[in-house]
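Only one structure is covered here, and it is reproduced in the block below.
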Amino acid sequence: MIAAPTIHRRFFVPEVVQTSAMDCGPAALTSLLEGFRISASYGRLREACQTDVDGTSIDTLEDLAGKLGLNATQTMVPPEHLFLPEGGVLPAIVVVRQPNGMPHFIVVWRSVGGLLQVMDPGVGRRWMTPSSLREQLFMHGMPVSEAQFHALATSDAVVRVLRRRLSELGCTRELDAMLTRAATSASWRAIALLDAATRMVTDIVSSGSVRKGREAGGLLRSLIEGCEGVPPGEGPIPPPYWTGLPDGEEDVWLQGAVVVAVRARDVERKAPVSSTSAELTAVLQEAPARPLHELLRILRDDGALGPVALVVAIALAATFGIIEAILVRGLVEVAGDLGVVKERMAGLGAIVAFFLMMLLLELPIAHAIRRLGRHLDARLRIAFLSKLPRLADRYLSSRPTSDMAHRSHALSTLRGFPDLGAQLVRSALSLLATVGAIVWLHPASAPLAILAGGVAIAVPLASERVLSERDLRVRAHVGGLSGFYLDALLGLVPVRTHGAERAVRREHENLLVQWARAGRSLIEAALVADTVGALLGFALAALLLFCYVQRGGPVSGLLLFAYWVLKLPALGQSLAALVRAYPGIRNTALRLLEPLGALEEERVHGATATSSARGLELAFEGVSIVAGGHTILDGLDLRIAPGSDVAIVGSSGAGKSTLVGILLGWHRPVAGRVLVDGHPLDAARADTLRRECAWVDPAVQLWNRSLADNMLYGTSAGAMGAMPGALDAADLQGLLERLPDGMQTVLGEGGALMSGGEGQRVRFGRALLRRDARLVILDEPFRGLDREKRRTLLTRARAWWRGATILCVTHDVRETLDFGRVLVVEGGRVVEDGVPMALVQDPSSRYRMMLDAEKEVQRGFWSGGTWRRMTLRAGKLDEHDEGVVPIVRPTMTRPARLRART
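Each residue of the sequence shown is one higher than the one before, counting from 235 in the working numbering.
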């Protein structure tokens, strides 16, 4: 098992809340690194993990933890090893099962007083009982040999934990005898039986049915005797209590909790293991986020004079509040001495003049605050929109679209940052001025007055970190709900079609419960902070009044003294409310500034000269691609001559799209290199290659703009002249005639106002406007079109880009027969490479097997008696079976279809 971890870690595990359903792994690992005082960027770690693939595997977490400076070991242990110090497992990343059955990563940090300190990326830090955690554990199973299981079950760590469990049951009399007999037995069944019986008796004792000591020991002996000679799992002890069950004649099915146990890095190691990965380097080198500093820097970009003048004006306004009280008190005292009407009018005029002066001061303050808010909002929007095109695809693909949209929509809330800051400064200065006035009025109360002012400031500041964590948790859950709503709207038709409403409601209920709990935690923390501040403030105010009277303060100043003293708690409450609002602004700024500080995709224009030849020469030398902890391409060696047309076929998930995605910059090789025209595919060459490339893929975005805008998007200025030819080649003339506004007809979100095949032809037409492309990538280019149409358009594409290097990824093997070359990809490797017709002649060829399988499937569909053959043309559905009258249905107009869909 694992030795006890070296204790060089924080007492409280840092709280890192995941921002999407796929990234609990990076959040857990970030928390673990921060707990061992290794500064790590959560955002950069998400990119390194590439959670868009299928979530982060536990193998990836183990590997990254080692590279980032931790001694991490993945293992499978009995559940008790997580709860008892003898197990030596904690701290660890543990796999648990969510209510929907999906696995989930959490950090089990330490055990304190029988409770486990847990950091769940979905809800934050919390304390759990061992029994509640045990119910959520993801119990994994794997076959091992009998010798391996026996060695594991009789290891020192397992025996120590088993001894502790037996002693907690009160079985001290037979403890050594039972352990010795089981541990020294040549068979694995003896130690497995003792472990299972102990676990079952522990549950029975916990339920109150049996008492510890003699009763528990007797029950334990009875269970062991009753299971002797009986195969494990078939006697009185049910299978869930066993960590080992027979699996064949010589193997044992080992069951346990899957963990990545971690201990601190070596003291001699001053830095984590070096890595050539730019993402991992950024994980450790990126400075901690300072949203307040960044917002102030943006405000200073318009000049420091404005903010400084605003602070001075606010300070004057806070001082005027003290003068106002003194002036009113003086007016009350001299009111009886002003007997002449002129004197009273002069006094009243002075008061009115003072208040007018305060009003004239407040108006420019309010105007300046609103102006700073507008400028901050505008600058952040410009920065955000300018940054998005420069972000690498690796960054964007590791974050849900709903999360990025939520960040941009939250920009408007940052407009209130200057107003919040101004109120905070005003409250703090007013409090300081009030304390100064109390000291001026009654110097003997100075220590208590300073203490009261300090308490009024200290309580909100002390609660700020706690409130900020809870507010961030609430906002993370709000982001999760926003993503859920977006996904539900996008998948509304499939949800209704498959009757998945109940599953959606359950998931929504789970998200709402987590959000409500986070909100309740925030409100409770705020109430505690307010209550503590109010009690301390009023207690000190009462003590100040008592001391003033006790020490014989002047009676004439008692009213003014009482006013200022009782004002201190009110100012403290106001300050607390403002501090409570700050985490919301801070966390919004933090989520927005995170993409603004992300690594940009290198763009160097014109740095690499291009060849005069039309097609590109491509070479892959030992290229390997890893994403989400999985190897997608492994040691790819391939050369493609310029101007050749190459078809790429293979099963789904074989790595076909990844291969062409390397050229588009979607993936970065972890090994090997890619050459384009003999030059390494670096950032400069990749930027040039994209401008020389035409790409057709169902994932290409269609905007909610006109057909003309969609066709011309991303093309050169002279592309309009080639529009008629592109429309003809893409077979879009028929669509154009049906559109009510022709080329200016809006296509809807994602091309929703067209069929899937029409949208694919629009994507194809957009690519055709790049007629001078040197590289053409067709990745399932004609999905949604019938076979004849696909063949026709593919022929036109090869003629249109004659001389260019064409890579066509497709599942239609028959359409690749007339290509000059075909690549068969399986398991991340090119298993066959050659001329299609030559491969067809080889009976053992994988390409021929795929072609035969495709023909067999088509024959089964169209020739089998199980299927009915129908053809839909121009709204008429014709059935071609003999003796069946063709079915003719009226054509439903496009607006009616849209209304029904809506």
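Using N, Cα and C, we set each Cβ at its ideal position, and we do this for glycine too.
- With a cutoff of 8 Å on beta-carbon distance, L648 and L610 are scored as near each other.
- If you draw a straight line from the Cα of L961 to the Cα of C1042, it comes to about 21 Å.
- Contact between G451 and G404 holds, with the beta-carbon distance rounding to 7 Å and staying under 8 Å.
- Residue range W422 to S440 is occupied by the alpha helix (DSSP H) that includes D437.
- In the displayed model, D1052 falls within coil according to three-state DSSP, outside both helix and strand.
- For I272, the secondary structure class from DSSP, reduced to helix, strand or coil, is coil.
- DSSP lists no bridge partner for I603.
- Beta-bridge pairing by DSSP links E1113 to M1104.
- Taken atom to atom, the span from the alpha-carbon of L826 to that of A815 is near 17 Å.
- DSSP, reduced to helix, strand and coil, places N938 outside both helices and strands of the structure shown, so it counts as coil.
- L479: member of the beta strand (DSSP E) spanning G478 to D481, first to last residue.
- Scanning V980, D257, P694 and V1010 for the CA closest to the CA of R939 turns up V980.
- Where I532 is concerned, the enclosing alpha helix (DSSP H) starts and stops at P525 to R534.
- L1003 is positioned such that its CB atom lies closer than 8 Å to that of A953.
- By a beta-carbon distance limit of 8 Å, L824 does not contact P1015. Their separation comes to about 42 Å.
- The beta carbon of R368 lies closer than 6 Å to those of P313 in the same chain, with the five residues before and after it left out.
- As the crow flies, the alpha-carbon of M1084 is around 7 Å from that of V1047.
- Contact between the stretch 732 to 743 and the stretch 650 to 663 is absent: fewer than 3 CB-CB pairs across the two stretches fall below 8 Å.
- Contact check for G469 against F339 fails: the beta carbons are separated by 8 Å or more.
- Each of V378, G269, A391 and G277 was checked against the Cα of M353, and the nearest Cα belongs to G269.
- Counting the other Cβ atoms within 10 Å of the Cβ of P474 gives fewer than 16, which makes it exposed.
- Burial state of S441 is exposed, judged by a 10 Å Cβ sphere holding fewer than 16 other Cβ atoms.
- When L966, L793, N305 and G984 are compared, the shortest CA-CA separation from M977 is found for L966.
- Residue burial annotation: V693 is buried, with at least 16 other C-beta atoms found within 10 angstroms of its C-beta.
- Inter-residue distance for L518 and L267 is about 10 Å (C-alpha atoms, whole angstroms).
- In terms of Cβ geometry, M336 and Q489 do not form a close pair [threshold 8 Å].
- The stretch 1044 to 1064 makes contact with the stretch 879 to 890, as at least three CB pairs between them are under 8 Å.
- Comparing C-alpha distances from L850 to each of C781, A964 and T1039 shows the shortest one belongs to T1039.
- In chain order, R1082 place their CB closer than 8 Å to the CB of D1076, counting only its own chain and leaving out the 5 sequence neighbours on each side.
- It is roughly 6 Å from the alpha-carbon of G375 to the alpha-carbon of W487.
- In this chain, the beta strand (DSSP E) harbouring G1068 covers R1063 to G1068.
- Between the stretch 456 to 467 and the stretch 297 to 305 there are fewer than three C-beta pairs closer than 8 Å, too few to call the two in contact.
- Bounds of the beta strand (DSSP E) holding P337 are P337 to V346.
- For E459, the secondary structure class from DSSP, reduced to helix, strand or coil, is helix.
- Listed as beta-bridge partners of D485 by DSSP are S379 and D481.
- For V496, the beta-bridge partners assigned by DSSP are A306.
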